[in-house]
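Numbering follows my numbering, with no gaps: position 226 of the sequence shown is 220.
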Amino acid sequence: MKHKINGFKILLGFYSILLLFSCKDEDSLINRNPVKVEAISVKKEKIENTIKTLGTLSYKSKHNVSSLVSGRLVSLNVKEGDFVNKGQCLGNLRNIQLENQKEMYENNLSEAEASLLIAEDNFRTERLNIEKQMKCLEKLNMQIQQTDKEYEYKKKCFLKSQELYSVGGISESKLCEEEMNLDQLKTSVEVMKKEYEISSVGFRNEDIEKFGYEVPASQKEIKDLIVNINSRQASNAVVQERTRVDSVKKSLLNMELLMDELKIKSTVSGIVATCNFQIGDHVSENETCFVIFDTSNLNAVFYVQEQEIGKYKTNSKLLVAIPSITESFETFVSEISPVADPVTGNFCVKAEICNSNNMLKPGMFINCTLLINNLEYLTIPESCLLYDELENPMVLCISNNHVFYRKIKIYCKKNGLLYIEEGLKENDMIVNLPSLMLKEGEAVEIQ
-5 MKHKINGFKI LLGFYSILLL FSCKDEDSLI NRNPVKVEAI SVKKEKIENT IKTLGTLSYK
55 SKHNVSSLVS GRLVSLNVKE GDFVNKGQCL GNLRNIQLEN QKEMYENNLS EAEASLLIAE
115 DNFRTERLNI EKQMKCLEKL NMQIQQTDKE YEYKKKCFLK SQELYSVGGI SESKLCEEEM
175 NLDQLKTSVE VMKKEYEISS VGFRNEDIEK FGYEVPASQK EIKDLIVNIN SRQASNAVVQ
235 ERTRVDSVKK SLLNMELLMD ELKIKSTVSG IVATCNFQIG DHVSENETCF VIFDTSNLNA
295 VFYVQEQEIG KYKTNSKLLV AIPSITESFE TFVSEISPVA DPVTGNFCVK AEICNSNNML
355 KPGMFINCTL LINNLEYLTI PESCLLYDEL ENPMVLCISN NHVFYRKIKI YCKKNGLLYI
415 EEGLKENDMI VNLPSLMLKE GEAVEIQ
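Next up, the structure:
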């Protein structure tokens, strides 16, 4: 029991001593004269926000150049590493079968063109013959009219002869002879009319209507239409031969296009990356002969750390400098890798650069600067910064002539200034070059 009482007395004495010293410290803090300090007002300033990285130029795309036809490589016009223009001939193939087929089509074309000339001559001759027949019909019609007039005249003469015979003016034999001549002339007229009817078949107005045409008003139009109708067979022969010529021409044109494929041409302007064949090798159709790196547009490729990738957006403005040629280009971010590299943890970023003059080459080193819009941040000098026991940044803020610790969040440090994201307000008064002897709540006097 005595030991417990003694222990209690000792503990009570210890707490009494602590309480006594604590009261003395508070009295000393209150009674101390205000400490003179240098104060800084928190201000807003714009930060020139840029991020610089290193990278290289890379080709944007590659193209496989092939031939649509097979053949043996007879000439090679470029080598690996050469720059080529779009449409430039890289090499030539030879295909004997295509050459023979082309010669055959050329012969067929000559034959078809000759047949067309013959058909056109026959068509012209046919039209001339039809026109001749029409003229002959006109002539026959005139002969019929003339013979018919003679018949009418002879008939009148015969009637007079009959009157003379009745009075004994002429002999019976003479009258019979005249009658016979009159009958012959009549028969002649009838025969000529039948011949006209036969020859006019196909040249009549009803024939025009049978072919589905309306009879024109003028005689000239009727003649032209009759000529066209009766020369249709020859006209169709011309159309047939002309169609044959066109068909052979198309076949020959297709063959010439295939022959043109024997010239292996570059599909883009760029650099020859690989050449897969040598002179004398057989190249199959659609087999890749060359690989061309398209250098008309290049990609600026660089890698960004994960803590900064959030500042990069598609279409973000970018300045690309190429030290080797002392040139700079303004461009925009075109592609951001959605996944970080598993080894480095960096993200791949690409920006397209126009290379119309082919001055840039894949593999050149570049300096990339991300241009971000200037933003306003609260700023204080780095000399105001303190750290707590957990290394968290803080400052001594002055309020009512007393100092208090305040934790802050720093955006960045630049040119001796701290750009603050959180923890302060504009026009707050902060202790510059704070003494470690200052305690929270202590009175201060601003110099």
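All residues carry an ideal CB built from backbone N, CA and C; glycine is no exception.
(request) Would you list the residues sitting across from residue 332 in a DSSP beta bridge? (result) Per DSSP, none; premise fails for residue 332.
(message) Taking only three categories from DSSP, how would you classify residue 434?
(response) coil
(message) Quick check on this structure: which residue in 83, 397, 213 has the alpha carbon closest to the alpha carbon of residue 435?
(response) 397
(message) Rounded to whole angstroms, what is the Cα-Cα separation between residue 189 and residue 133?
(response) 12 angstroms
(message) I'd like to confirm the pairing. Which residues does DSSP put opposite residue 406 in its beta bridges?
(response) 413
(request) Can you grab the Cα-Cα spacing for the pair residue 34 / residue 327, in whole Å? (result) 40 angstroms
(request) Please report how far the alpha carbon of residue 128 lies from the alpha carbon of residue 100, in whole angstroms. (result) 42 angstroms
(message) Do residue 259 and residue 406 have their beta-carbon atoms positioned less than 8 angstroms apart in this structure?
(response) no
(message) Can you tell me where the beta strand (DSSP E) holding residue 226 begins and where it ends?
(response) Per DSSP, residue 226 belongs to no beta strand (DSSP E); it is in the alpha helix (DSSP H), 226 to 254.
(request) Starting from the N-terminal side, write out each stretch of the alpha helix (DSSP H) that is 4 residues or longer and does not extend beyond the stretch 133 to 201. (result) 166 to 193
(request) Going by DSSP, name the residue or residues bridged to residue 29. (result) 438
(request) Can you say whether residue 255 is buried or exposed, counting buried as having 16 or more other CB atoms within 10 angstroms of its CB? (result) buried
(message) Report the CB separation of residue 291 from residue 348 in whole angstroms; it is logged as a contact under 8 angstroms.
(response) 6 angstroms
(message) Just to confirm the assignment, what range does the beta strand (DSSP E) spanning residue 306 have?
(response) Element bounds for residue 306: n/a, residue is neither H nor E.
(request) Take residue 268 and list the residues in its own chain whose beta-carbon comes closer than 8 angstroms to its own, dropping the five residues that flank it on each side. (result) 74, 284, 285
(message) So for residue 106, helix, strand or coil by DSSP?
(response) helix
(message) Cutting at 7 angstroms between CB atoms, please list the residues of its own chain near residue 281, excluding the five before and the five after it.
(response) 60
(request) State the start and end residues of the unbroken beta strand (DSSP E) segment that holds residue 391. (result) 387 to 393
(message) Within the continuous beta strand (DSSP E) that includes residue 207, where are the two ends?
(response) Careful: residue 207 lies outside any beta strand (DSSP E) and carries neither H nor E.
(request) Kindly indicate which three-state DSSP category residue 358 falls into: helix, strand or coil? (result) coil
(message) Can you find the residues in the same chain that come closer than 7 angstroms, C-beta to C-beta, to residue 315, ignoring five residues on each side of it along the sequence?
(response) 322, 360, 361
(message) Restricting to Cα atoms, I'd like to know which of 403, 197, 111 is closest to residue 234.
(response) 111
(message) Can you look up residue 62 in the DSSP assignment and give me helix, strand or coil?
(response) coil
(request) Indicate whether residue 186 and residue 138 have their beta-carbon atoms separated by less than 8 angstroms. (result) yes
(message) I'd like the span of the beta strand (DSSP E) that includes residue 287, first residue to last.
(response) 282 to 298
(request) Can you say whether residue 428 is buried or exposed, counting buried as having 16 or more other CB atoms within 10 angstroms of its CB? (result) buried
(message) With three or more C-beta pairs closer than 8 angstroms as the rule, is the stretch 341 to 356 touching the stretch 293 to 308?
(response) yes
(request) Check the C-beta distance from residue 202 over to residue 209 and give it rounded, since I have them as a contact under 8 angstroms. (result) 5 angstroms
(request) Determine the direct distance from the alpha carbon of residue 46 to that of residue 288, and round the result to whole angstroms. (result) 27 angstroms
(message) Rounded to the nearest angstrom, what separates residue 105 and residue 239 at their Cα positions?
(response) 9 angstroms
(request) Can you have a look at residue 62 and say buried or exposed, based on whether 16 or more other CB atoms are within 10 angstroms of its CB? (result) exposed
(message) Measuring straight from C-alpha to C-alpha, what distance separates residue 375 and residue 27?
(response) 27 angstroms
(request) Have a look at residue 394 and residue 387 and give me their C-alpha separation to the nearest angstrom. (result) 23 angstroms
(message) Could you check whether residue 80 and residue 261 sit closer than 8 angstroms to each other, using their CB atoms as the reference points?
(response) yes
(request) For residue 429, name the three-state secondary structure that DSSP assigns. (result) coil
(message) Between which residues of its own chain and residue 43 is the CB-CB distance below 7 angstroms, once the five residues before and five after are set aside?
(response) 366, 368, 369
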